[in-house]
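In the order they appear, the protein sequences are chains A and B.
Residues in the first sequence are numbered consecutively from -12, following the numbering used here.
Residues in the second sequence are numbered consecutively from -12, following the numbering used here.
By construction, the Cβ of each residue, glycine as well, lies at the ideal position given by its N, Cα and C atoms.
On a predicted model such as this, the values are computed, not experimentally measured, just so you know.
2 protein chains.
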Amino acid sequence: MSKYSTEEIAVMSPEDFRNIVRKGEWTGPNRDACRGYAFAGLAAVPKEHAYDFVLFCLRNPRPCPILDVTEPGDPHPRFVAPHADVRTDFPWYRVIKDGEVIDEPTDVTPYWRDDLVAFLLGCSLGIQGALVKANVKFRFNGIFNTNIELTPAGQFHGRMAVSCRTFPTSEDAVRAIQISSRLLASHGPPVHIGNPTVIGIENMTKPDFPLPVSAPPPEPHEIPLFWACAVTPQNVALESKTPYMIVQRQGCLLPIDKLVDEIAII
Amino acid sequence: MSKYSTEEIAVMSPEDFRNIVRKGEWTGPNRDACRGYAFAGLAAVPKEHAYDFVLFCLRNPRPCPILDVTEPGDPHPRFVAPHADVRTDFPWYRVIKDGEVIDEPTDVTPYWRDDLVAFLLGCSLGIQGALVKANVKFRFNGIFNTNIELTPAGQFHGRMAVSCRTFPTSEDAVRAIQISSRLLASHGPPVHIGNPTVIGIENMTKPDFPLPVSAPPPEPHEIPLFWACAVTPQNVALESKTPYMIVQRQGCLLPIDKLVDEIAII
């Protein structure tokens, strides 16, 4: 466990929180950090694959909204968090080589290369926070793989991962769709409403990407909504047998210097 | 003049209108065509510059919203208008070589190359139509160069071009901002409100990109709004001395198979 409480990390600035991560003082999921700020996932790929990957993101904007793209070898996202270092400031990583996870370090400096381009991609923590702030009632059910095929680009192809939240009333669910629709950098509106089996999720009690938080699956009278999830690029790297990609581990994201509302649409 | 009336082209499908352009039966500005459909501008660049250009567009989403990117040598925008041919279906082109306009043909088949990647970028015709449909009062003042520096990427840099529309009341102007904010593929909300000299426009009676339509400049009690304009890539090609780029001439755009409302946000 960390020496910092939930409330302590909630009121930290992105810079301060990134510093405790960089020092190794926080290594797990961080959804409660830096209240009000937007978060990013990571997909670092060699420059020779960067064009195909940027097209892949453009063709799949729900799972892969692009927040920033670094210059080759540069670990600093100059547009959204210039003082951040993508090699050290995510709490936990996965390193993928030839479509296999070869390591899960908390610092990828040894895996960094001069030809790596880091894509900072949106994540749904912005939606999570906006729903809480608007007093929408829901519970988070976890992250699941689906059968939703993504639009390929070059070598990159695969299926979407989603996060599920369950809403007790239609009013809460509609409000959640309204609120998330303006948050395109946080995956925007849901990609699916209702029956999880329609998108290939058979067991709602067993998330494919375990997180410390969990909640009972939807009851028949409740409405589950499914948002595209920031673990999608690692699914893509595994399915595409990508030569090399560094990603964040589920729930272990980078707070950027922009507020959720600062990069909201409308 | 064309043998087709304004009302005839307004009710044409994008496919039908592209066919009359392809046959050479329409060669000028086409803002009245295909009512309700979205339009695209063009920036075709060699594959070796495509990565820098896609980053340039991502860093400047107001002037350069990306609708589609073709495979090298493929003239068909598979995602937004698969039957369109970008070599023939824009009414009028500019061909730029080493930062100079070398030709202004109505068909760029002779200039097409196997390594060209076509970027289809949004244009403000969607906003124009949405304002008319919502009974917002305004007049179109033309397209102007500005002093607004764009965020560079690789070799690409330059200044934004804008289109100006003047609104008789604050109510009309506010409504225009609300309506255009959801139309990100049509440049989204304005980039400037009010005094044109602030963005380097000295003479509102002399648009830098002449069009057949024109209207008196704003009176002191009126509100001019300035939107990023689809001629920006040609400014960029000229300022960056880009080796090779094919663009559309001002006002000469491609109707795509998507309705304005179909690709609107929210």
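Asked	Found
Output needed in chain order: residues of the segment 231 to 244 of chain A with a Cβ under 9 Å from some Cβ in chain B.	none
Work out the CA separation of B:Ile186 and A:Arg49 for me, nearest whole Å.	34 Å
Please list the residues of the segment 97 to 114 of chain B that have a C-beta atom closer than 9 Å to any C-beta atom in chain A, keeping them in chain order.	none
Just grab the DSSP bridge partners of B:Met232 for me.	B:Ile83
Please say whether A:Trp79 and A:Glu87 have beta carbons closer to each other than 8 Å?	no
Is it the case that the Cβ atoms of B:Val247 and B:Gly113 are separated by a distance below 8 Å?	yes
Go through its chain and collect everything with a Cβ distance to B:Arg126's Cβ below 8 Å, but skip five positions before and after it.	Arg152, Thr153, Ala202, Pro203
Any idea what DSSP makes of A:Gly256, helix, strand or coil?	Within the shown structure, residues of chain A are numbered from -12 to 253, placing residue 256 of chain A beyond reach of any answer.
Check the C-beta distance from B:Asp39 over to B:Ala140 and give it rounded, since I have them as a contact under 8 Å.	5 Å
Using alpha carbons as the reference points, say which of A:Tyr231, A:Thr14, A:Leu170 lies closest to A:Pro220.	A:Tyr231
Does the Cβ-Cβ distance between A:Val82 and A:Ile233 come in under 8 Å?	yes
For a contact meaning CB atoms closer than 8 Å, what does A:Ser167 contact in chain B?	Near A:Ser167 there are no residues of chain B at all, since even the closest Cβ is about 10 Å away, more than 8 Å.
Kindly list, in the order they appear in chain B, the residues whose Cβ is closer than 9 Å to that of A:Ile210.	The premise fails here: A:Ile210 is roughly 20 Å from chain B at the closest Cβ pair, so nothing lies under 9 Å.
Which residues, taken in chain order from the segment 41 to 66 of chain B, show a beta carbon closer than 8 Å to some beta carbon of chain A?	Val41, Leu42, Leu45, Arg46, Ile53, Val56, Phe66
Alpha carbon to alpha carbon, what distance is there between A:Trp99 and A:Pro64?	15 Å
The segment 120 to 141 of chain A: which residues have C-beta closer than 7 Å to a C-beta of chain B, in chain order?	none
Per DSSP, B:Ser111 is paired with what?	Bridge partners of B:Ser111: none, in fact.
Counting contacts by CB-CB distance shorter than 8 Å, is A:Ile252 in contact with chain B?	yes
Return the first residue and the last residue of the beta strand (DSSP E) that A:Thr153 is part of.	146 to 154
Three or more C-beta pairs closer than 8 Å, one from the segment -9 to 9 of chain B and one from the segment 190 to 202 of chain A: is that the case here?	no
Nearest-angstrom Cα distance between B:Leu45 and B:Ala71?	24 Å
Cβ closer than 7 Å: which chain A residues qualify as neighbours of B:Ala37?	Tyr38
Can you give the Cα-Cα distance for A:Pro120 and B:Leu240, rounded to whole angstroms?	It is Lys, not Pro, that sits at residue 120 of chain A in the sequence shown. So the two alpha carbons sit approximately 43 Å from each other.
Looking at the secondary structure, which residues open and close the beta strand (DSSP E) in which B:Arg126 lies?	126 to 136
Determine which residues share a DSSP beta bridge with A:His179 and list them.	A:Phe213
With a threshold of 8 Å between beta-carbons, can B:Leu170 be considered close to chain A, or not?	no
For B:Asn47, does the count of other Cβ atoms within 10 angstroms reach 16, so buried, or fall short, so exposed?	buried
Considering only residues of the same chain and omitting the five flanking positions on each side of B:Asn132, which have a CB-CB separation below 6 Å?	Ala148, Asp195
Would you mind stating whether B:Arg162 and B:Ile252 have Cβ atoms separated by less than 8 Å?	no
Since A:Gly175 and A:Gly116 should fall inside the 8 Å C-beta cutoff, what is the C-beta to C-beta distance between them, to a whole number of angstroms?	Not quite, the Cβ-Cβ distance comes to about 15 Å (not below 8 Å), so this is no contact.
If you run the structure through DSSP and keep just helix, strand and coil, what is B:Asp195?	coil
Enumerate in chain order the residues of its own chain whose CB-to-CB distance from B:Ala(-3) is below 8 Å, with the five nearest sequence positions on each side excluded.	Asp19, Ala20, Cys21, Arg22
So, with DSSP's three-state summary, where would you put B:Lys(-10)?	coil
When the Cα of A:Gly238 is compared with those of A:Glu35, A:Ile130, A:Glu2, which residue comes out closest?	A:Ile130
May I ask you to report which of helix, strand or coil DSSP gives B:Ala68?	coil
Determine the burial state of A:Asn134: buried for a count of at least 16 other Cβ atoms within 10 Å of its Cβ, exposed for fewer.	exposed
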